[in-house]
Amino acid sequence: MAGAQTSEVDSILKGYLTEFPTVIGYVVVNSDGIPCKWHESVPYERALTYAALLSDFIANCKKSLKELLSGPAESELANVRIRTKEGTELICVTYAEYSFIVIQNCTGKAWVQDLEDGGGGGGGGEGGGA
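Numbered by the numbering used here, the letters in the sequence shown go through residues 25 to 154 in order.
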């Protein structure tokens, strides 16, 4: 059963990457902040960094939103988007006990992987990390 679920998740993620060609990579994080699944362009160390930092950030966003807005329907966090100067965007979506972190290229240029830095990249061959 677990194998069937894994292949179904893999096919959904592959379809997602095909549908959105600007997606550079992704990390699926469980409620404990541990990366369960990540794209092959994201090294494990980078996936751990994204998971640790963004899990804490998402938790703080949820807490702040509940304090700022009254009413349970208004205070539910749907997603968090962070745009960098280099032209990448981090999109964090939470569902049940999982968070889906997507790294997206917003430069409009081809994404060049920086393998020395451990998986970051620069838009359009200009260099720089993600």
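Positions of the beta carbon are idealized from the N, C-alpha and C atoms, including for glycine.
For clarity, every value in this text was computed on a predicted model and none was experimentally measured.
query = CA-CA distance, K86 and E113?
reply = Here the question's residue 86 lines up with position 62 in the sequence shown. Here the question's residue 113 lines up with position 89 in the sequence shown. Computed Cα separation, rounded: 20 Å.
key: Sheet register partners of T112 (DSSP bridge)   = Position 88 of the sequence shown, counted from the first residue, corresponds to residue 112. Beta-bridge pairing links T112 to N129.
query = From the DSSP output, which residues share a beta bridge with I106?
reply = Stepping through the sequence shown from its first residue, residue 106 is reached at position 82. Answer is L114, bridged to I106.
ask   = Is the beta carbon of I58 less than 8 Å from the beta carbon of A75?
value = Locating residue 58 in the sequence shown gives position 34, where the first residue counts as 1. Locating residue 75 in the sequence shown gives position 51, where the first residue counts as 1. Contact: yes.
ask   = Considering only the beta carbon of each residue, do V52 and K38 sit closer than 8 Å?
value = For the purposes of this step, residue 52 is taken as residue 28 along the sequence shown, with counting starting at 1. For the purposes of this step, residue 38 is taken as residue 14 along the sequence shown, with counting starting at 1. No, the pair does not count as a contact, with Cβ atoms beyond the cut-off.
request  = Just mark T118 as buried or exposed, buried being the case when its beta carbon has 16 or more other beta carbons within 10 Å.
outcome  = As a position in the sequence shown, residue 118 is number 94, starting the count at 1. Answer is buried; the Cβ neighbour count reaches 16.
message = So, for Q128: in the same chain, excluding its five sequence neighbours on each side, which residues have a beta-carbon less than 7 Å away from its beta-carbon?
response = Within the sequence shown, residue 128 is the residue found at index 104, counting from 1. Once the five neighbours on either side are set aside, the close Cβ partners of Q128 are T46, V47, I48, T112, E113 and I115.
inquiry  = According to DSSP, is F124 part of a helix, a strand, or is it coil?
reply    = Walking along the sequence shown from the start, residue 124 turns up at place 100. If DSSP states are grouped into helix, strand and coil, F124 belongs with the strands.
key: Simplified DSSP state of G39, which is helix, strand or coil   = Your numbering for residue 39 matches position 15 in the sequence shown. The answer is helix: DSSP assigns G39 an H, G or I state.
Euclidean distance between Cα positions of E91 and L101 = Taking the sequence shown and counting its residues from 1, one reaches residue 91 at position 67. Taking the sequence shown and counting its residues from 1, one reaches residue 101 at position 77. Roughly 12 Å between the two C-alpha positions.
query = Using the rule of at least 16 other Cβ atoms within 10 Å of the residue's Cβ for burial, across every protein chain shown, is L77 buried or exposed?
reply = In the sequence shown, counting from the first residue as 1, residue 77 sits at position 53. By the neighbour-count rule (16 or more Cβ atoms within 10 Å), L77 is not buried but exposed.
message = Here's the rule: buried if 16 or more other CB atoms are within 10 angstroms of the residue's CB, otherwise exposed. What is G143?
response = Walking along the sequence shown from the start, residue 143 turns up at place 119. The predicted model places G143 with a pLDDT of 46, which falls under 50 and marks its position as unreliable; any figure quoted below should be read in that light. It is buried - the Cβ of G143 has at least 16 other Cβ atoms within 10 Å.
ask   = What's the call for Y40, buried or exposed, on a 16-neighbour Cβ count within 10 Å?
value = Your numbering for residue 40 matches position 16 in the sequence shown. Under this definition Y40 is an exposed residue.
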